[in-house]
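Engineer: To start, I am sharing the structure in question, which I have written as structure tokens.
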Amino acid sequence: MAAPKVAVVGAGVIGLSTALCIMETFPSCSLTVLSDQFSPNTTSDVAAGMLIPHTYPGTPIPVQKEWFKETFTYLFAISNSAEASEAGIHLVSGWQVFKNTPKEEVPFWSDIVLGFRPMSEAELQKFPQHRSGQAFTTLKCNCPPYLLWLEKRLKATGVQMYTRKIVDLWDLHSEYNIIVNCAGIGAHQLVGDEKLFPVKGQVLKVHAPWVKNFIRDGDGLTYIYPGIDKVTLGGTREKENWNLSPDPGATKDIFDRCCSLEPSLRRAQDIKVKVGLRPSRHCVRVQKELLSQGGVKLPVVHNYGHGAGGFSVHRGTAKEAARLVGECIAILQGSSSRAKL
Ligand code: FAD
1 MAAPKVAVVG AGVIGLSTAL CIMETFPSCS LTVLSDQFSP NTTSDVAAGM
51 LIPHTYPGTP IPVQKEWFKE TFTYLFAISN SAEASEAGIH LVSGWQVFKN
101 TPKEEVPFWS DIVLGFRPMS EAELQKFPQH RSGQAFTTLK CNCPPYLLWL
151 EKRLKATGVQ MYTRKIVDLW DLHSEYNIIV NCAGIGAHQL VGDEKLFPVK
201 GQVLKVHAPW VKNFIRDGDG LTYIYPGIDK VTLGGTREKE NWNLSPDPGA
251 TKDIFDRCCS LEPSLRRAQD IKVKVGLRPS RHCVRVQKEL LSQGGVKLPV
301 VHNYGHGAGG FSVHRGTAKE AARLVGECIA ILQGSSSRAK L
């Protein structure tokens with residue numbers, strides 16, 4: 001068969017990184033990204049972009065660990081290259097602090113981040129309301145620059161990108177051989193996935209260039225993540241809330257919680273409020289499906305449902321989705337060579 005025509009639906013971190021993995025693995029593909037929104041208007045643009053995994057209860061821990069390791073290794077190499085500032089990737093050290101003994105004293109990702117260790121008594125003096133903590137160095141993606149960097153790399157390999165809202169994946173069957181669904185929370189409507197639900201998150205992006213270390217309260221609700229130009233202050237988690245409007249009460253609450261962890265933030269300036277819907281699911285859906293109508297078949301690879309941890313595992317799930325695209329190509333090539341016989 002001729003070069004397979006692949007369409008990736010979605011241009012958040014999952015769609016763009018999946019498209020890149022497909023091009024790296026199958027460079028002869030003709031690949032198009034179709035999305036109703038691109039950066040800076042995706043959920044991925046709102047994210048803090050810290051590489052601290054969120055645990056998916058329905059995905060085996062060894063699989064999640066592999067996805068995180070793959071992502072960490074990939075971004076660590078970028079952070080160590082001349083591309084780092086353009087891609088918006090950098091190392092950041094800091095603390096995760098606990099008021100009570102944490103459920104997991106040694107999380108599954110502790111040997112992937114750098115220098116993971118219990119905090120010393122001297123470090124804990126900075127946090128008088130907390131009893132224990134973990135110090136480590138991880139990576140941070142500055143999300144809009146990283147998304148633009150991914151787009152630039154895709155365009156350089158000849159990938160086409162079009163603004164288009166897809167109502168039904170089947171509508172693409174006459175134009176493409178394989179569809180990759182990376183629609184994030186949009187998959188709720190696009191493929192009718194009732195297991196996918198939004199978790200509304202609000203964050204503040206502030207100017208506070210003196211804050212250099214990350215601080216995360218152990219429950220993950222309050223955090224201070226310094227980036228290249230802005231510090232992200234979080235956050236909120238509102239299950240099943242589809243409303244993208246910022247809540248002024250939440251803004252004050254986030255700011256107060258963060259100032260209680262890092263009092264110098266009282267002098268932060270240029271406070272901007274951002275809201276996004278985490279595409280949440282008990283497990284990420286990285287799966288092949290064969291759609292069929294009237295004897296015509298359309299292979300689909302799903303890659304969505306990354307909830308609160310899409311940046312932390314994106315490269316791992318993108319590689320897995322690209323492997324599944326490879327299986328679809330093999331099936332298509334098998335059926336076209338049988339058709340010739
Ligand atoms: P999206 O970024 O939403 O992209 C989906 C794409 O699909 C969009 O381009 C959209 O336009 C397109 N689309 C949807 N439906 C259709 C359709 N019908 N037709 C065409 N196109 C369609 N994760 C971390 O790892 N670390 C963090 O520190 C972190 N912080 C976060 C903070 C907040 C406040 C929030 C909200 C999230 C955070 N996350 C974090 C989670 C992370 O943002 C998500 O897991 C990730 O962005 C999901 O990426 P995605 O590409 O699946 O979704």
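Note that the sequence shown ends on residue 341 in full-length UniProt numbering; no numbers are left out.
C-beta atoms are modelled at their ideal positions from N, C-alpha and C, and glycine is treated no differently.
Under 8 Å: do the stretch 192-206 and the stretch 162-174 share three or more Cβ pairs, one atom per stretch?
Structural biologist: no
Engineer: Among the residues of its own chain, which have a CB less than 6 Å from the CB of F116, if the five just before and after it don't count?
Structural biologist: The residue you call residue 116 lines up with position 116 of the sequence shown. Once the five neighbours on either side are set aside, the close Cβ partners of F116 are S110, F136.
Engineer: Helix, strand or coil for W67? Go by DSSP, reduced to three states.
Structural biologist: One-based indexing of the sequence shown puts residue 67 at position 67. W67 falls in the helix class under three-state DSSP.
Engineer: If contact is defined by three or more beta carbon pairs under 8 Å, each pair taking one atom from either stretch, is the stretch 9-17 in contact with the stretch 239-248?
Structural biologist: Between the stretch 239-248 and the stretch 9-17 there are fewer than three C-beta pairs closer than 8 Å, too few to call the two in contact.
Engineer: With a threshold of 7 Å (Cβ to nearest heavy atom), would R266 be considered close to the ligand FAD?
Structural biologist: Reading the sequence shown from its first residue, position 266 is the one you call residue 266. No.
Engineer: Specify the secondary structure class of Y146 as computed by DSSP and reduced to three states.
Structural biologist: Taking the sequence shown and counting its residues from 1, one reaches residue 146 at position 146. In the structure shown, Y146 sits in a helix (DSSP, three-state: H, G or I).
Engineer: Return the bridge partner residues of L154 from the DSSP annotation.
Structural biologist: Mapped onto the sequence shown, residue 154 falls at position 154. None, per the DSSP bridge assignment.
Engineer: Are there 16 or more other CB atoms within 10 angstroms of the CB of P107, so buried, or fewer, so exposed?
Structural biologist: Within the sequence shown, residue 107 is the residue found at index 107, counting from 1. When all chains shown are included, P107 counts as buried.
Engineer: Should the stretch 258-265 be regarded as contacting the stretch 24-35, the criterion being three or more beta carbon pairs within less than 8 Å?
Structural biologist: no
Engineer: Specify the secondary structure class of residue 347 as computed by DSSP and reduced to three states.
Structural biologist: Residue 347 lies beyond the range of the chain shown here (1 to 341); nothing can be said about it.
Engineer: In three-state terms, what does DSSP make of K319?
Structural biologist: Translated into positions along the sequence shown, residue 319 becomes position 319. Of the three classes helix, strand and coil, the one that applies to K319 here is helix, per DSSP.
Engineer: Applying the criterion that 16 or more other CB atoms from any shown protein chain within 10 Å of the CB defines a buried residue, is L147 buried or exposed?
Structural biologist: Position 147 of the sequence shown, counted from the first residue, corresponds to residue 147. Buried, by the Cβ-count rule.
Engineer: Quick one: Cα of G227 to Cα of F26, how far?
Structural biologist: If you number the sequence shown from 1, residue 227 lands on position 227. If you number the sequence shown from 1, residue 26 lands on position 26. Cα to Cα, G227 sits roughly 34 Å from F26.
Engineer: Do you know how far the Cα of H302 is from the Cα of K5?
Structural biologist: By 1-based counting over the sequence shown, the position of residue 5 is 5. By 1-based counting over the sequence shown, the position of residue 302 is 302. Cα-Cα distance, rounded: 16 Å.
Engineer: Measuring CB atoms only, is the stretch 205-216 touching the stretch 91-101, in the sense that at least three cross pairs come out at less than 8 Å?
Structural biologist: yes
Engineer: Provide the residue span of the alpha helix (DSSP H) that contains I22, from first to last.
Structural biologist: Reading the sequence shown from its first residue, position 22 is the one you call residue 22. Element bounds for I22: 13-25.
Engineer: Would the C-beta of K195 count as close to the ligand FAD, meaning under 7 Å from any of its heavy atoms?
Structural biologist: The residue labelled residue 195 in the question sits at position 195 within the sequence shown. No, Cβ of K195 sits at least 7 Å from all heavy atoms of the ligand FAD.
Engineer: Taking just the CA atoms, how far does R285 sit from E262?
Structural biologist: By 1-based counting over the sequence shown, the position of residue 262 is 262. By 1-based counting over the sequence shown, the position of residue 285 is 285. Computed Cα separation, rounded: 37 Å.
Engineer: Less than 7 Å between the CB of R153 and some heavy atom of the ligand FAD, yes or no?
Structural biologist: On the sequence shown, residue 153 is found 153 positions in, with the first residue counted as 1. No, the beta carbon of R153 sits no closer than 7 Å to any heavy atom of the ligand FAD.
Engineer: Going straight from the alpha carbon of P118 to that of N80, what length do you get?
Structural biologist: Within the sequence shown, the letter at position 118 stands for residue 118. Within the sequence shown, the letter at position 80 stands for residue 80. Cα to Cα, P118 sits roughly 26 Å from N80.
Engineer: Kindly confirm or deny that the stretch 182-189 and the stretch 54-67 touch, where touching means at least three C-beta pairs closer than 8 Å.
Structural biologist: no
Engineer: Please determine, among H90, E175, T101, G295, the residue with the shortest C-alpha to C-alpha distance to Q129.
Structural biologist: Sequence index remark: in the sequence shown, residue 129 carries index 129 (1-based). Of the listed residues, the one whose Cα sits closest to Q129 is T101.
Engineer: Please give me, in chain order, every unbroken run of the beta strand (DSSP E) with length at least 3 that falls completely inside the stretch 261-287.
Structural biologist: 269-280
Engineer: CB of R164 to nearest heavy atom of the ligand FAD: below 7 Å?
Structural biologist: Locating residue 164 in the sequence shown gives position 164, where the first residue counts as 1. Correct: R164 has its Cβ closer than 7 Å to the ligand FAD.
Engineer: In chain order, what residues of the same chain have a beta carbon less than 6 Å from the beta carbon of P145, not counting five sequence neighbours either side?
Structural biologist: What you label residue 145 is simply residue 145 of the sequence shown in a count that begins at 1. G88.
Engineer: How close, in whole Å, do the beta carbons of K239 and H207 come, if the pair is a contact with beta carbons under 8 Å?
Structural biologist: Residue 239 sits at position 239 when you count from the first residue of the sequence shown. Residue 207 sits at position 207 when you count from the first residue of the sequence shown. Going by Cβ atoms, the distance from K239 to H207 rounds to 31 Å, so no, they are not a contact pair.
Engineer: How long is the line joining the alpha carbons of Q125 and K65, rounded to whole angstroms?
Structural biologist: Position 125 of the sequence shown, counting from 1, holds the residue named residue 125. Position 65 of the sequence shown, counting from 1, holds the residue named residue 65. Roughly 32 Å separates the two Cα atoms.
Engineer: Give me, in chain order, the residues of the same chain whose beta-carbon lies closer than 7 Å to that of C328; leave out the 5 immediate sequence neighbours on both sides.
Structural biologist: By 1-based counting over the sequence shown, the position of residue 328 is 328. Counting only Cβ-Cβ distances below 7 Å, and skipping sequence neighbours, we find I178, K288, P299, V301.
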